[in-house]
Ligand code: SFD
Ligand code: AMP
């Protein structure tokens, strides 16, 4: 495919939102409001269709962040304590509190827009756990997208455009570049400010799924590290790149466990029927003070389970039948008890049908009736997701009224790069925002970005020659395939190029074996990481030989380049933090203990001019006491 066949489309706007997921849709609604008052243009670009893009594509069965501030259910301080404890002390209190004070209003908007939130006989929200609300959420994303589309107007939304990277005007962000995944079009978006919300990163590590199930993951595989790549390449300081998330999920189809643990109050046991949370409880003292908090941090819950797995005590089971029996037995009346049983059974299936349909299919395929027998659970492969129980993302400025000087350089949620804002999985150190908090953070960031444009926004100056070079680089894999593929009979085997799937498998193998993936039982060390980084260097060399047969494969090429950069930031950060702080997420075998002098943020920064990485420590400032 000749690169010269590509039409170049140029779009000029004031605020550019890249991504179309929860954070981006929140940003769209808020930005549209403030932009109208100031006569500004807002443009949103998604690589997919906003209606069903991002992590919420399949729907969700719960809203995991609802604070209930107005009803006095909880305080902001409660939420900050919960988050920082769950992350073993590493959290930006200012960012977490800022999202927590706005999240309820996002939830109320979802309800107003038509999302069914469960209520009890008194009309009160049904909680899954302290912070979580139950929803009938199969169409959650469609509902949230509709509001975003109405707010921005369809002409300002570009779908099926894959954003490759930032457009810069010196040190300042000036827009983004990408290509259509349907037509031969190269896109240049020029903007006065850019809000990055392209989600987290999946398939950086080898997944447990293989063979016929290859590609199946918990978080969506189409979240491929574009946020991290965009911010790293713009020169933004990144934070918590070592804080991956390993979710415990129903084995092989990745069904969520939250409803079982919190709503149904189920227990998990090893193959001998022992509850590892009880038999291993004494281990928690080694991770004080966080081993003592309630709930036990997610990584420590994982760790206790992994200790049993290490000793060959699997399979690990969610005792679904036991939980259902206990809940239905609590009903003394025989007829009501039978009805209760039916209700619980259908809630169990709906939990999966609302957000992880494949798990319901696997249950059906393997004759599982949750009220009759337990189901296997397992620790999944690592994900990079700043919005859940991981923390990776860009280092962003905090709210003026809460952030200490160290955390404040002007506009809220602006990265260390002028005009570059981040939200959702794209912003770090503010874990446990989930779908609702990501939406709220998108709103916060968009409001600040509009303020920035009004006060400081300037038309960007772009170097046309450099831009032409960028276009050639982005489209190069198409030319490589066209020129070199006739040289062999099998297009997969060619000494002159590497196809994106093979490239991804090679990346995953490096990460799995050297950076503490599933096959290494999440263990790594200084020598392993150094070897892994050496191998990653060779992979980077070969990234220039990626080949694409068509536009779809061109997207796959760049997705994997994005993953590779996320991988590098991750390995460098684990290497820098020479302690083990999150056993259950990863374990540094050479530094197996948590150290008080490492109660800091590990940040890193790539210098686009020199190609050098800088590792930094930033203080954890406790704004809210224990
Ligand atoms: O319980 C490009 N999440 C849950 N949150 C909840 O509130 N409740 C739950 O029940 C949740 N569960 C859950 C969750 C996620 C998944 C996959 C499952 C279950 C199975 C987490 C939330 O979904 C998550 O926190 C938010 O969605 C994060 O929001 P955001 O905006 O940061 O990411 P996104 O929604 O994935 O959107 C990303 C967008 O970027 C686009 N994109 N566009 C252009 N160019 C590129 N290069 C791009 N790369 C990506 C995407 O298309 C998308 O629009 S539970 O199991 O945890
Ligand atoms: P999950 O399905 O694992 O994504 O969990 C959904 C929500 O429940 C998240 O807010 C989790 O932090 C929380 N959660 C899951 N399991 C537990 C548990 N065993 N104890 C406390 N909170 C949990």
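Residue numbers (our numbering): 506 to 1131.
Note that the Cβ used here is the ideal one computed from N, Cα and C, for glycine as well.
The beta carbon of residue 991 is closer than 6 Å to none in its chain, skipping five residues each way along the sequence. When C-beta atoms of the stretch 595-608 are compared with those of the stretch 560-574, three or more pairs fall below 8 Å, so the two segments count as touching. A heavy atom of the ligand SFD is found nearer than 7 Å to the CB of residue 565. Linking residue 832 to residue 762 through their CA atoms gives a straight-line distance of about 17 Å. At a cut-off of 7 Å, the beta-carbon of residue 694 does not count as near the ligand SFD: no heavy atom of the ligand is closer than that. In the three-state reduction of the DSSP assignment, residue 729 falls in the strand class, which pools E and B.
Counting of Cβ neighbours within 10 angstroms places residue 667 among the buried residues, the total reaching 16 or more.
Distances from the alpha-carbon of residue 720 to those of 757, 566, 1024 and 893 put 757 closest. The bridge partners DSSP lists for residue 927 are 701.
Here residue 692 is not near residue 555, since their CB atoms are 8 Å or more apart. Within the stretch 520-544, the alpha helix (DSSP H) runs of at least 4 residues that lie entirely inside it are, in chain order, 527-543. Ranking 803, 1011 and 911 by CA distance to the CA of residue 893 puts 803 first. Sixteen is the threshold: when 16 or more other Cβ atoms of the shown chains lie within 10 Å of the Cβ of residue 1071, as they do, the residue is buried. By the neighbour-count criterion, in which 16 or more other beta carbons inside 10 Å mark a residue as buried, residue 872 falls on the exposed side. By the 16-neighbour rule on beta-carbons within 10 angstroms, residue 1024 is exposed. Under DSSP, residue 1108 forms a beta bridge with 744 and 1121. For residue 803, the CB falls within less than 7 Å of some heavy atom of the ligand AMP.
A buried status is given to residue 736, since no fewer than 16 other beta-carbon atoms sit within 10 Å of its beta-carbon. Set against 7 Å, the gap from the CB of residue 630 to the closest heavy atom of the ligand SFD is not smaller. Per DSSP, residue 515 lies in no alpha helix (DSSP H) segment; the continuous beta strand (DSSP E) that holds it begins and ends at 512-517. DSSP lists 638 as the bridge partner or partners of residue 632. With 16 or more neighbouring CB atoms inside 10 Å of its own CB, residue 661 falls in the buried class. Taking a 10 Å sphere around the C-beta of residue 923, we find 16 or more other C-beta atoms and assign the residue as buried.
Residue 684 holds the alpha-carbon nearest to the alpha-carbon of residue 694 among 684, 703, 775 and 613.
Under the three-state reduction of DSSP, residue 852 is assigned to helix.
When DSSP assignments are scanned along the stretch 655-722, the uninterrupted stretches of beta strand (DSSP E) that are 3 or more residues long and fall wholly within it turn out to be 666-674, 677-685, 690-695 and 698-701.
If one requires a minimum length of 4 residues, the alpha helix (DSSP H) runs lying completely within the stretch 542-595 are 581-591, in chain order. DSSP places residue 1046 inside the alpha helix (DSSP H), whose first and last residues are 1031-1048. Out of 821, 652, 610 and 1102, the CA that lies nearest to the CA of residue 879 is found in 821.
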